[in-house]
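Written out below as structure tokens is the structure these notes cover.
Number of protein chains: 2
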Amino acid sequence: MSNQGFVVWFTGLSGSGKSTLAEALAPALRERGLNVEILDGDVVRTNLSKGLGFSKEDRDTNIRRIGFVAGLLARNGVGVITAAISPYKDIRDESRAMVESDGAVFVEVHAAATVEQCEARDVKGLYAKARAGEIKGFTGIDDPYEEPPNPEVRCETGLDAPDISLQQIIDHLESQGLINGGRS
Amino acid sequence: MSNQGFVVWFTGLSGSGKSTLAEALAPALRERGLNVEILDGDVVRTNLSKGLGFSKEDRDTNIRRIGFVAGLLARNGVGVITAAISPYKDIRDESRAMVESDGAVFVEVHAAATVEQCEARDVKGLYAKARAGEIKGFTGIDDPYEEPPNPEVRCETGLDAPDISLQQIIDHLESQGLINGGRS
Chain A
427 MSNQGFVVWF
437 TGLSGSGKST
447 LAEALAPALR
457 ERGLNVEILD
467 GDVVRTNLSK
477 GLGFSKEDRD
487 TNIRRIGFVA
497 GLLARNGVGV
507 ITAAISPYKD
517 IRDESRAMVE
527 SDGAVFVEVH
537 AAATVEQCEA
547 RDVKGLYAKA
557 RAGEIKGFTG
567 IDDPYEEPPN
577 PEVRCETGLD
587 APDISLQQII
597 DHLESQGLIN
607 GGRS
Chain B
427 MSNQGFVVWF
437 TGLSGSGKST
447 LAEALAPALR
457 ERGLNVEILD
467 GDVVRTNLSK
477 GLGFSKEDRD
487 TNIRRIGFVA
497 GLLARNGVGV
507 ITAAISPYKD
517 IRDESRAMVE
527 SDGAVFVEVH
537 AAATVEQCEA
547 RDVKGLYAKA
557 RAGEIKGFTG
567 IDDPYEEPPN
577 PEVRCETGLD
587 APDISLQQII
597 DHLESQGLIN
607 GGRS
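Taken in sequence, the protein lines are chains A and B. Numbered by the working numbering, the letters in the first sequence go through residues 427 to 610 in order. Numbered by the working numbering, the letters in the second sequence go through residues 427 to 610 in order.
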């Protein structure tokens with residue numbers, strides 16, 4: 427009755443291009459007839475995690491909630507896209523296990539721009555604030571980012587244009603039979 | 427592409443029969459071909475609201491999160507069933523507005539057993555503990571329950587057997603075109 431649901435789980439530093447790719451991926455999936463939901467880090471913090479901070483414990487709680495909701499949606503045939511930094515490997519792996527136990531497919535996508543590349547762009551001015559000590563516990567500056575050793579897709583978002591990365595992701599989803607060729 | 431999603435939002439005292447009806451309603455909807463999710467109060471507290479207590483503010487936050495997730499699922503065609511006490515009218519109305527803004531239908535079902543009826547059964551022994559002062563802020567004892575003035579369905583769960591209430595709900599969903607006649 428339903429499509430095979432899946433979760434495209436972006437992970438990467440602030441400014442690495444996760445949200446840009448998520449926003450580009452969503453319409454590409456919708457034009458293939460899928461129901462799509464984006465669980466953006468900010469939306470989730472507003473609606474599910476207000477009051478949580480950026481300690482390891484609070485970040486883990488936030489990511490677990492995203493994993494729980496992503497799993498609920500994906501097991502009902504939705505193509506879910508998450509775009510939180512999700513810096514810790516163990517919690518990403520926990521989310522994978524939760525989604526897979528719901529019978530859905532977990533696709534980890536590493537937006538692999540380096541700290542230097544993200545900081546050079548610094549679109550939101552957050553790296554400057556982190557360097558100045560105005561933001562504490564900033565991932566990549568004074569809080570760790572644990573790279574995924576074996577993501578389903580690794581996008582060189584510090585080097586490649588977004589359409590290159592987007593095509594990589596779509597190619598992967600097609601190769602796994604999660605989407606059809608579509609119109610593009 | 428999707429069914430019209432909806433949320434059957436149970437409200438009622440502890441022990442009023444919300445979970446019993448939710449568990450009976452879910453298979454009745456599934457056999458009509460719907461995707462169904464139950465957002466039970468306990469499941470949600472574990473996965474979305476750990477750390478929240480039972481103050482008005484914390485209860486409100488918990489209910490808002492249920493409303494947010496229910497809306498996400500319902501706008502993807504899922505038949506969502508929530509079974510939290512949800513004692514406060516204003517937050518139930520806020521959930522209704524959130525679900526309806528997602529293009530889904532909100533069906534408030536009042537499990538209308540009285541405190542006396544619920545306390546006489548006291549399946550989990552919670553009313554005895556509340557009377558003994560071992561549980562504080564217990565809805566109906568020392569915390570308010572605001573009855574819905576105009577629920578879509580009012581079930582006399584203190585008097586009627588569950589199958590009577592279940593049929594009332596199914597009749598309503600059929601009358602609104604949200605489900606087909608099905609096999610029952």
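Glycine included, every Cβ here is placed at the ideal spot set by N, Cα and C.
**Report entry** Bridge-paired residues (DSSP) for Ile507/B
**Finding:** Val434/B and Ile464/B
Report task. Please classify Lys482/B: is it buried, with 16 or more other beta-carbons within 10 angstroms of its beta-carbon, or exposed? Result -> exposed
Query raised in the report: Which residue or residues does DSSP assign as beta-bridge partners of Phe532/A?
Result: In DSSP, Phe532/A forms a bridge with Val433/A.
Requested in this report: Within the same chain, show all residues whose beta-carbon is closer than 6 Å to that of Glu534/A, passing over the 5 residues directly before and after it, in chain order.
Outcome: Excluding sequence neighbours, Glu534/A sits near Trp435, Pro574, Pro577 and Glu578.
Query - Span separating the alpha-carbon of Ala510/B from that of Gly607/A - result: 43 Å
Query raised in the report: Given a limit of 8 Å on CB to CB distance, which residues of the stretch 484 to 513 of chain B reach chain A?
Result: Thr487, Arg490, Arg491, Phe494, Val495, Leu498, Leu499, Asn502, Gly503 and Val504
**Report entry** Backbone CA spacing between Phe532/B and Cys581/B [nearest angstrom]
**Finding:** 16 Å
Query raised in the report: Could you give the distance in angstroms between the alpha-carbon of Arg456/B and the alpha-carbon of Val462/A?
Result: Rounded to whole angstroms, Arg456/B to Val462/A spans 22 Å at the Cα level.
Report task. Enumerate in chain order the residues of its own chain whose CB-to-CB distance from Leu604/A is below 7 Å, with the five nearest sequence positions on each side excluded. Result -> Gln430, Phe432 and Val531
Query raised in the report: How about Glu473/B: is its C-beta nearer than 8 Å to some C-beta of chain A?
Result: In the sequence as presented, Glu is not what sits at residue 473/B; that position holds Asn. It does; some Cβ of chain A falls within 8 Å.
Query raised in the report: Given a threshold of 16 other Cβ atoms within 10 Å of its Cβ, counted over all protein chains shown, does Glu545/B qualify as buried or as exposed?
Result: buried
**Report entry** Which of helix, strand or coil DSSP assigns to Ala537/B
**Finding:** strand
Report task. Check the Cβ-Cβ distances between Asn461/A and every residue of chain B, and say whether any is below 8 Å. Result -> yes
Query - Boundaries of the alpha helix (DSSP H) in which Val495/A is found, first to last residue - result: Lys482 to Ala500
Requested in this report: Under 8 Å by Cβ, that's how I've got Thr437/B and Ser512/B pegged, so tell me the actual separation to the nearest angstrom.
Outcome: 5 Å
Query raised in the report: Should Thr472/B be labelled buried (16 or more other beta-carbon atoms within 10 Å of its own) or exposed?
Result: Thr472/B should be labelled exposed.
Query raised in the report: Thinking C-beta only, is Asn488/A closer than 8 Å to Leu498/A?
Result: no
Query raised in the report: With 16 as the cutoff for other CB atoms within 10 Å, does Gly443/B come out buried or exposed?
Result: It is buried - the Cβ of Gly443/B has at least 16 other Cβ atoms within 10 Å.
Query raised in the report: Which whole-angstrom value is the C-beta distance of Ala554/B and Gly584/B, which I expect to be below 8 Å?
Result: 18 Å between Cβ atoms; not a contact.
Query - Bounding residues of the alpha helix (DSSP H) (the contiguous stretch that carries Val525/B) - result: Lys515 to Ser527
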